[in-house]
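Numbering (full-length UniProt numbering), first residue to last: 1 to 336.
Built from N, CA and C at the ideal position, the CB exists for glycine as well.
Every value quoted in this text rests on a predicted model; they were computed, and no experiment measured them.
Report on one structure; see the data block that follows.
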């Protein structure tokens, strides 16, 4: 049983995360493992708790929720409020240390009900005393007693913390560090690394920087040694995921700043060149914890800007092959 003092703290905090009136139409976007409660049963349980229907099509306010195993043990859930314009209004985190997924379901129902209607469990004010003068011979009717509003579930104290801003699921901004290998710049594979950032949401921006410290192409009349630094910027039109995985597809424009060292009987010079590529890439993330993931990705790049080389036998006198492919493997870190 939750004491009245605790309700006096929790209810105002929940009210700050629920700016829409209780008559607003609500939506629920829910991701959870198959062994846990799914969206439809969860919505029915919340409506049963409130005693009325609140979820419907074209919602005024949408609740994004995700339930996943905690990094150590137990379960962790995040509930995020988003209005019809896509503005994030607030979020709440709910944690359970027990291994059974069902143990957190009653807390989810309670917190969702309070987010939708903070007045649902608030004690009602007693009826006012009539202002008319009561005849002396009659006794004034007794005032009605305030109903006993109790909550069956105990919500942990940490759940009453003020809501924090967070991007809705499936995505939060992601920073990635990768090892990469690519064709098109040497006789075999060239190796390097990449640092990338991708924003939050289902359609978002992509920024990256790739470095290939050394690549060589051997020819009968000499050789070409290359060192590349390649910034890129692009758009990810599709980012989808579940509780343990995420797939993203992106298109980007990349410019490679290349130090080309050409050596041979007829040439011996170093040039700074710029190559332009149109890049298509895809990436799969497999989550290791609440904020880290292992990712593997790959794609192809088409060179639309390929400057000439002094050694014409290498790539027909152009910088690198026109079409190249690449593969990446690394770690991703989820941000706010």
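query, result
"According to the neighbour-count rule (16 or more other Cβ atoms, all chains shown, within 10 Å of its Cβ), is residue 154 buried or exposed?", "Summary for residue 154: the model assigns pLDDT 47, below 50, so the residue's position carries little reliability, and this model does not support an answer."
"Report, in whole angstroms, the separation of the C-beta atoms of residue 203 and residue 226, which I expect to be a contact under 8 Å.", "35 Å between Cβ atoms; not a contact."
"Note down, one range per segment and in chain order, each alpha helix (DSSP H) of at least 4 residues found wholly within the stretch 28-115.", "39-50"
"Are the beta-carbon atoms belonging to residue 262 and residue 299 less than 9 Å from one another?", "no"
"Just the C-alpha distance for residue 345 and residue 292, rounded to the nearest angstrom, thanks.", "The question about residue 345 has no answer here: the residues shown for the chain are numbered 1 through 336."
"Roughly how many angstroms lie between the CA atoms of residue 232 and residue 256, to the nearest whole one?", "9 Å"
"Is residue 310 helix, strand or coil by DSSP?", "coil"
"Do you know whose CA, among 288, 289, 295, lies nearest residue 281's CA?", "295"
"Straight-line CA distance for residue 27 to residue 103?", "24 Å"
"Kindly indicate which three-state DSSP category residue 317 falls into: helix, strand or coil?", "helix"
"Have a look at residue 306 and residue 273 and give me their C-alpha separation to the nearest angstrom.", "9 Å"
"Label residue 315 either buried or exposed according to how many other C-beta atoms from any shown protein chain fall within 10 Å of its C-beta, with 16 as the threshold for buried.", "buried"
"In the DSSP assignment, find the unbroken beta strand (DSSP E) run with residue 194 in it and report its ends.", "190-198"
"For a test of the three-state rule: what should DSSP assign to residue 232, helix, strand or coil?", "strand"
"As a quick exercise: from 283, 212, 100, pick the residue whose alpha carbon is nearest that of residue 174.", "283"
"What three-state label does DSSP hand residue 285 in the structure shown?", "strand"
"Within its chain, find whatever has a CB closer than 6 Å to the CB of residue 327; leave out the 5 residues flanking it on each side and keep chain order.", "181, 298"
"Rounded to whole angstroms, what is the Cα-Cα separation between residue 165 and residue 186?", "Caution applies to residue 165, whose pLDDT of 38 falls short of 50 and renders its modelled position unreliable; the value that the coordinates give is listed next. In a straight line, the C-alpha of residue 165 is about 47 Å away from that of residue 186."
"Who are the Cβ neighbours of residue 219 in its own chain at under 8 Å, not counting the five residues just before and after it?", "264, 311, 313, 314"
"Can you give the Cα-Cα distance for residue 303 and residue 193, rounded to whole angstroms?", "20 Å"
"How about residue 76 and residue 96: do their beta carbons lie closer than 9 Å?", "yes"
"Return the chain-ordered list of same chain residues with a C-beta closer than 8 Å to the C-beta of residue 209, the five sequence neighbours on each side being excluded.", "194, 195, 196, 229, 230, 231, 232"
"Who are the Cβ neighbours of residue 250 in its own chain at under 6 Å, not counting the five residues just before and after it?", "206, 234, 236, 281"
"Please return the same chain residues whose Cβ sits closer than 6 Å to the Cβ of residue 325, not counting the five positions on each side in sequence.", "183, 300"
"By the DSSP assignment, the beta strand (DSSP E) with residue 217 in it spans what residues?", "204-219"
"Exposed or buried, what is residue 41 when buried is set at 16 or more other beta-carbons lying within 10 Å of its beta-carbon?", "exposed"
"Output yes or no for whether 9 Å exceeds the beta carbon distance between residue 253 and residue 289.", "no"
"Among residues of its own chain, excluding the 5 on either side of residue 177, which ones have a beta-carbon nearer than 7 Å to its beta-carbon?", "195, 330, 331"
"Residue 322: which of 286, 268, 279 sits nearest, CA to CA?", "279"
"Under three-state DSSP, which class holds residue 265?", "coil"
"Using 8 Å for Cβ pairs, my map puts residue 88 next to residue 78. What's the rounded Cβ distance?", "Contact flag wrong, Cβ pair sits at about 12 Å."
"So, at 6 Å on beta carbons, what are the nonlocal neighbours of residue 271 in its own chain, with the 5 sequence-adjacent residues on each side left out?", "260"
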